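In our numbering, the protein residues as written are 3 to 304.
Where a beta carbon is used, it is the ideal one built from N, C-alpha and C, also for glycine.
All figures in this text were calculated on a predicted structure; none of them were measured in a lab.
All remarks here apply to the structure that follows.
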Amino acid sequence: MTETPDDQPDPRAQIRALKNHLESLARAGLDALPVDHAIDLAPRPRTHPPVARETQAEPVAQHASALVPPTTPVPQAERPIHSPQPQAPLGGSLLGSVGFELPVIPLDERGQALASLAAVVSTCRKCPHLADARTQTVFGVGSHSARLMFVGEAPGADEDRLGEPFVGRAGKLLTDMITKGMGLRREDVYIANILKCRPPDNRNPEPDEAANCVPYLERQIEVIRPEFLCLLGLVAVRYLLGGAQSMGRMRSRWHDYRGVRTMATYHPSYLLRNPSMKREAWVDLQMLMGAMGIEPPRRGSA
Ligand code: URA
Numbered sequence: 003m004t005e006t007p008d009d010q011p012d013p014r015a016q017i018r019a020l021k022n023h024l025e026s027l028a029r030a031g032l033d034a035l036p037v038d039h040a041i042d043l044a045p046r047p048r049t050h051p052p053v054a055r056e057t058q059a060e061p062v063a064q065h066a067s068a069l070v071p072p073t074t075p076v077p078q079a080e081r082p083i084h085s086p087q088p089q090a091p092l093g094g095s096l097l098g099s100v101g102f103e104l105p106v107i108p109l110d111e112r113g114q115a116l117a118s119l120a121a122v123v124s125t126c127r128k129c130p131h132l133a134d135a136r137t138q139t140v141f142g143v144g145s146h147s148a149r150l151m152f153v154g155e156a157p158g159a160d161e162d163r164l165g166e167p168f169v170g171r172a173g174k175l176l177t178d179m180i181t182k183g184m185g186l187r188r189e190d191v192y193i194a195n196i197l198k199c200r201p202p203d204n205r206n207p208e209p210d211e212a213a214n215c216v217p218y219l220e221r222q223i224e225v226i227r228p229e230f231l232c233l234l235g236l237v238a239v240r241y242l243l244g245g246a247q248s249m250g251r252m253r254s255r256w257h258d259y260r261g262v263r264t265m266a267t268y269h270p271s272y273l274l275r276n277p278s279m280k281r282e283a284w285v286d287l288q289m290l291m292g293a294m295g296i297e298p299p300r301r302g303s304a
């Protein structure tokens, strides 16, 4: 931020920062701020000091039984386009502002930013038919400094009842993919959906519903600023990346979502219906892990 000679913040820079902040909130659908919403315009260094490694996943007893054994080779052609990064601390989401208008939000402010957004989402009635039918909105769950964010489709009956994404059968498989497959803990990543409300009969989100709801997800991504996005299924692909290609064409390669390295793979519900496709999903996860610089948990480790 520009400084005036007497080391006072430049009021023009403050106004610019405030305008950017309010525009970002407005894009996420906020048309009012809670009275306690503080906007800190204090000058910040361009980068934030490294966030301490939040948690290193405990080794798990059983290996990737959710998918296929970790010894499955990743075909050369499926290897990441980007070379793997050196092992980086989990939870260090320190990207610059590539693709985002706001600077990285310091970790200690993300909880408040997400809580304010969740409060708005919880009373959202942009899709009155969904709002009337829901038990509650399902905002998202996980680490505010997650390096990796999973994006699914929409809450189902279990999620609508419990208020947390991916807690039903598909959620159990996703949790196994994260823990047994990747060796992370569910709470190390962030999990959200394209829609925050359950569509009737678990049908696919309609385009107008997605148009209403995706700005909330965009704001979550902007606040958490993950290094990697994993899009679960074609609904997430369609509404975050656009286009209508098959999963066969979209998976196992890198896409760009506002500067975030983005991978698509099969939705866990699809994998439950088509268990033979777990092999492909495992290839995708291994590619993601290679880029993140994380090793699969050792077979049989406790
Ligand atoms: N399927 C999804 O896409 N999201 C959930 O939260 C649960 C099931």
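From Leu242 to Arg301, what does the alpha carbon distance come to, in whole angstroms? Counting from 1 along the sequence shown, the entry for residue 242 is found at position 240. Counting from 1 along the sequence shown, the entry for residue 301 is found at position 299. Approximately 35 Å between the Cα atoms of the pair.
From Ala213, Ile296, Thr137 and Pro270, pick the residue whose C-alpha is nearest to that of Gly170; which is it? Within the sequence shown, numbered from 1, the residue matching residue 170 stands at position 168. Of the candidates Ala213, Ile296, Thr137 and Pro270, the one whose C-alpha sits nearest the C-alpha of Gly170 is Pro270.
Measure from the alpha carbon of Val262 to the alpha carbon of each residue in Arg149, Ser118 and Leu186, then state which is nearest. The sequence position of residue 262 within the sequence shown is 260, counting from 1. Looking at Arg149, Ser118 and Leu186, the one whose alpha-carbon comes closest to that of Val262 is Arg149.
My guess is that Gly173 and Leu287 are in contact by the Cβ rule of under 8 Å, so how many angstroms apart are they, rounded? Within the sequence shown, the letter at position 171 stands for residue 173. Within the sequence shown, the letter at position 285 stands for residue 287. With 8 Å as the limit, Gly173 and Leu287 do not qualify as a contact, their Cβ atoms being about 16 Å apart.
Closer than 7 Å to a non-hydrogen atom of the ligand URA - does that hold for the CB of Asn195? Within the sequence shown, the letter at position 193 stands for residue 195. Correct: Asn195 has its Cβ closer than 7 Å to the ligand URA.
Report the three-state DSSP secondary structure of Val285 (helix, strand or coil). Stepping through the sequence shown from its first residue, residue 285 is reached at position 283. Collapsing the DSSP output to three states places Val285 in a helix.
In this structure, how does DSSP classify Val191 when only helix, strand and coil are distinguished? Position 189 of the sequence shown, counting from 1, holds the residue named residue 191. Per DSSP, reduced to three states, the secondary structure at Val191 is coil, with no helix or strand assignment.
Taking contact to mean at least 3 C-beta pairs separated by less than 8 Å, is the stretch 154-169 in contact with the stretch 244-262? By the Cβ rule, the stretch 154-169 does not count as touching the stretch 244-262, because fewer than three pairs are nearer than 8 Å.
Within the continuous beta strand (DSSP E) that includes Met265, where are the two ends? For the purposes of this step, residue 265 is taken as the residue at position 263 of the sequence shown. In the DSSP assignment, Met265 falls within the beta strand (DSSP E) that extends over Val262 to Thr267.
Quick one: residues in its chain with C-beta nearer than 8 Å to the C-beta of Ser124, no 5 flanking neighbours on either side, listed in chain order? Here residue 124 refers to the residue found at position 122 when the sequence shown is read from its first residue. Once the five neighbours on either side are set aside, the close Cβ partners of Ser124 are Gln138, Thr139 and Phe141.
Determine whether the beta carbon atoms of His146 and Arg112 lie at a separation below 8 Å. Position 144 of the sequence shown, counting from 1, holds the residue named residue 146. Position 110 of the sequence shown, counting from 1, holds the residue named residue 112. Taking 8 Å as the Cβ cut-off, His146 and Arg112 qualify as a contacting pair.
Which whole-angstrom value describes the C-beta separation of Leu233 and Thr264, a residue pair presumed to lie in contact below a C-beta threshold of 8 Å? Counting from 1 along the sequence shown, the entry for residue 233 is found at position 231. Counting from 1 along the sequence shown, the entry for residue 264 is found at position 262. That belief holds up - the Cβ atoms of Leu233 and Thr264 are roughly 6 Å apart, short of 8 Å.
Which of the three DSSP states is assigned to Met184 in this structure? Counting from 1 along the sequence shown, the entry for residue 184 is found at position 182. Three-state DSSP puts Met184 in coil, outside helix and strand.
Integer-rounded CB distance, given that Met151 should sit under 8 Å from Tyr192: Counted from its first residue, the sequence shown places residue 192 at position 190. Counted from its first residue, the sequence shown places residue 151 at position 149. Indeed, because the Cβ distance is near 4 Å, the residues count as touching under 8 Å.
In angstroms, rounded to a whole number, what distance separates the CA positions of Val225 and Pro108? Position 223 of the sequence shown, counting from 1, holds the residue named residue 225. Position 106 of the sequence shown, counting from 1, holds the residue named residue 108. Using only the alpha carbons, I get a separation of about 9 Å.
Measuring straight from C-alpha to C-alpha, what distance separates Val70 and Thr181? As a working note, residue 70 is residue 68 in the sequence shown. As a working note, residue 181 is residue 179 in the sequence shown. Low confidence applies here, because Val70 scores a pLDDT of 39, under 50, leaving its location unreliable; read the following figure in that light. Approximately 14 Å between the Cα atoms of the pair.
Suppose you measure from the CA of Tyr268 to the CA of Asp190; what does that come to, to the nearest Å? Counting from 1 along the sequence shown, the entry for residue 268 is found at position 266. Counting from 1 along the sequence shown, the entry for residue 190 is found at position 188. In this structure, the alpha-carbon of Tyr268 lies about 21 Å from that of Asp190.
In this structure, does DSSP put His131 in helix, strand or coil? For this step, residue 131 is matched to residue 129 along the sequence shown. Under the three-state reduction of DSSP, His131 is assigned to helix.
Per DSSP, Gly154 is paired with what? As a position in the sequence shown, residue 154 is number 152, starting the count at 1. Asn195, per the DSSP bridge assignment.
Reference Asp203; option with closest CA among Glu229, Arg221, Ile196 and Ala135: Here residue 203 is taken as the residue at index 201 of the sequence shown, counted from 1. For Asp203, the nearest C-alpha among the options comes from Ala135.
Nearest to Gly144 (by Cα), restricted to the options Ala121, Ala133, Ala156 and Thr177: Translated into the one-based positions of the sequence shown, residue 144 becomes position 142. Proximity to Gly144 across Ala121, Ala133, Ala156 and Thr177 peaks at Thr177, based on C-alpha coordinates.
Which stretch, first to last residue, makes up the alpha helix (DSSP H) that contains Asp178? Within the sequence shown, the letter at position 176 stands for residue 178. Where Asp178 is concerned, the enclosing alpha helix (DSSP H) stretches over Arg171 to Asp178.
State buried or exposed for Asp162, treating a residue as buried only when at least 16 other CB atoms are found within 10 Å of its CB. Walking along the sequence shown from the start, residue 162 turns up at place 160. Label assigned to Asp162: buried.
Is DSSP giving Cys232 helix, strand or coil here? Residue 232 sits at position 230 when you count from the first residue of the sequence shown. Assignment of Cys232 by DSSP, reduced to helix, strand and coil, places it in the strand class.
Over what stretch of residues does the alpha helix (DSSP H) that includes Asp203 continue unbroken? Translated into positions along the sequence shown, residue 203 becomes position 201. It is not in any alpha helix (DSSP H) - Asp203 carries neither H nor E in the DSSP assignment.
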